[in-house]
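Peer 1:
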Amino acid sequence: MNELILIKLGEIALKGLNRQSFETVLVKNIKRRISSLGGFSVKTAQSTVYVTPVNECADIDEAEERIKTVFGIAAYSRAARAEKNMEDIVNTAAEYLFDELSSAESFKVEAKRSDKKFPLKSPEICAELGGSILEKFTHLRVDVHNPQITVYVEIRDFGAYIHTSARRGAGGIPVGTGGKAAILISGGIDSPVAAYMMAKRGVELTAIHFASPPYTSERAEQKVKRLLEAVSKYSGRINMITVPFARIQEEILEKCPEELFTIIMRRFMMIISQRIAQDNNCEALITGESLGQVASQTIGAIACTDEACTMPVFRPLIGMDKEEIITVSRRIDTFDISIEPYEDCCTVFTPKHPRTRPILKFVKAAQNELDCDSLVEQALKNIKTTKIGFDLCEES
Ligand code: ATP
Ligand code: MG
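Sequential numbering from 268 applies to the sequence shown in the working numbering.
(1) Do residue 499 and residue 339 have their beta-carbon atoms positioned less than 7 Å apart in this structure?
(2) From which residue to which residue does the beta strand (DSSP E) around residue 507 run?
(3) Please state whether DSSP places residue 616 in a helix, a strand or coil.
(4) Which class does residue 644 belong to by DSSP, given the choice of helix, strand or coil?
(5) Cutting at 6 Å between CB atoms, please list the residues of its own chain near residue 535, excluding the five before and the five after it.
(6) Would you kindly check if the distance between the Cβ of residue 457 and the Cβ of residue 558 is under 7 Å?
(7) Take every Cβ of the stretch 521-536, pair it with every Cβ of the stretch 615-629, and state whether three or more of those distances are shorter than 8 Å.
(8) Quick check: does the Cβ of residue 556 come within less than 6 Å of any heavy atom belonging to the ligand ATP?
(9) Using DSSP bridges, identify the partner residues of residue 311.
(10) Rounded to whole angstroms, what is the Cα-Cα separation between residue 429 and residue 307?
(11) Would you mind giving the Cβ-Cβ distance between residue 611 and residue 449, rounded to the nearest angstrom? I have them listed as a contact below 8 Å.
(12) Buried or exposed: residue 413, going by 16 or more other Cβ atoms within 10 Å of its Cβ?
(13) Using the three-state DSSP reduction, which class does residue 381 fall into: helix, strand or coil?
(14) Just to confirm, does residue 596 get its C-beta within under 6 Å of one of the non-hydrogen atoms of the ligand ATP?
(15) Can you list, in chain order, the residues of its chain with a C-beta nearer than 7 Å to that of residue 613? Leave out the 5 residues immediately preceding and following it.
(16) Kindly indicate the opening and closing residues of the beta strand (DSSP E) around residue 474.
(17) For the candidate residues 507, 521, 361, whose alpha-carbon lies nearest to that of residue 547?
(18) DSSP on residue 662, reduced to helix/strand/coil?
(19) Measure the CB-CB distance between residue 439 and residue 471 and report whether it falls below 7 Å.
(20) Going by other Cβ atoms of all chains shown within 10 Å of its Cβ, with 16 needed for buried, is residue 283 buried or exposed?
(21) Tell me whether residue 588 counts as near the ligand ATP, meaning its Cβ is closer than 6 Å to at least one heavy atom of that ligand.
(22) Could you name the residues of the same chain whose beta carbon sits closer than 7 Å to that of residue 661, not counting the 5 residues immediately before and after it, in chain order?
(23) Taking 6 Å as the limit between beta carbons, can you name the residues of its chain near residue 459, skipping five residues before and five after?
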């Protein structure tokens, strides 16, 4: 049986003149995602990507699992290829869909003829294939409105393809078509989801993590790496940059009013992140903030935080409820890691009564009590970089 995976392009089909370059990136991303699985050819024609095994080692089940994580794919189907004649189409459909047709009670056939040279029109293909299926599977009946199984036949340039209903792909647009941005990642539930959501919009990610040893442990940092590994199944390679943050936090604690601790700390995070982002060709920052979730995520606090940097800051979770965020985190397999109980640098020093409406001029005045520039330079001097996940975007 000639089985393959047919991939339907998502939004990229709408991108007009950019379409060609989007398709090229998508094909490259699919190739890289399945490159370790043995031989597959990956080709595009007529808004469809064909992923075809070319040798015995090609593992199509695993290829399907990986394809589910590639952004830019609206839907995909596993399909059997038949020759473009009705006899082969009937035999292939009966053999390939034997189990489904045997266990269903009703079915219908839908045909699409993109190769107009094929002698039968779509309704004729449906009638002939439907009739032959009924002869072979006598328990079945046709139900055009509510069938248990729909047999699709697509007559295309390179052959006839037979499959059942398509499955949903990861959606979004291909990673590498949306520029580069830096995600501020903690070990919590929200920021890995924010990273995933921006990768889904085509953004290539760099990750910045503030760690505060000795107040935070090596295991807390390992947890962040595992979170990023889970995200990288979708986003491809992520460079994780770890910034030592304890010194800055100690200084703020010592020299600034306690109720402004969080906001000043967050401003330092933005200042340092912007520098790292610029050094890594990122054009924006991403955080996992959601409006009103905690004191530092009120409109006033966010305005005060943003004032510390000039880059755009994306907050894809801003309007989401915790439950909605958790639903995504379970789906992308970060939830169970996120709830492991290791301290984040933000939680070790949390003040009891943080300001929910900080006034910028007081925040800045308090921050000016610190030697901001040298603290930032000191932290930047001691960053370390770890490569996470497989390489999706760079040229090989
Ligand atoms: P999360 O679940 O992502 O930790 P949170 O609800 O705990 O979010 P905060 O602790 O206020 O919220 O953090 C808000 C955002 O700030 C996070 O989503 C993340 O983008 C960033 N952030 C927090 N802590 C860190 C850290 N240690 N390193 C880098 N970024 C951080
Ligand atoms: Mg957190």
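Beta carbons are placed, not taken as given, at the ideal position from N, Cα and C, and that holds for glycine.
Peer 2: Concretely, from the data shown:
(1) A distance of 7 Å or more separates the beta carbons of residue 339 and residue 499.
(2) That run of the beta strand (DSSP E) goes 505-511.
(3) Of the three classes helix, strand and coil, the one that applies to residue 616 here is coil, per DSSP.
(4) The answer is helix: DSSP assigns residue 644 an H, G or I state.
(5) 515
(6) no
(7) Yes, the stretch 521-536 touches the stretch 615-629.
(8) yes
(9) 316
(10) 19 Å
(11) Residue 611 to residue 449, Cβ: 18 Å. No contact.
(12) When all chains shown are included, residue 413 counts as exposed.
(13) coil
(14) no
(15) Excluding sequence neighbours, residue 613 sits near 453.
(16) 471-478
(17) Nearest C-alpha to residue 547: 507.
(18) Legend: pLDDT at residue 662 = 43, less than 50; position of this residue unreliable, no value from coordinates given.
(19) For the 7 Å CB-CB criterion, residue 439 and residue 471 do not form a contact.
(20) exposed
(21) For the ligand ATP, not one heavy atom lies less than 6 Å from the Cβ of residue 588.
(22) Bear in mind that the predicted position of residue 661 carries a pLDDT of just 48, short of 50, making it unreliable; the figure below should be weighed with that in mind. Within the same chain, residue 661 has no close Cβ partners at all.
(23) 494, 498, 601
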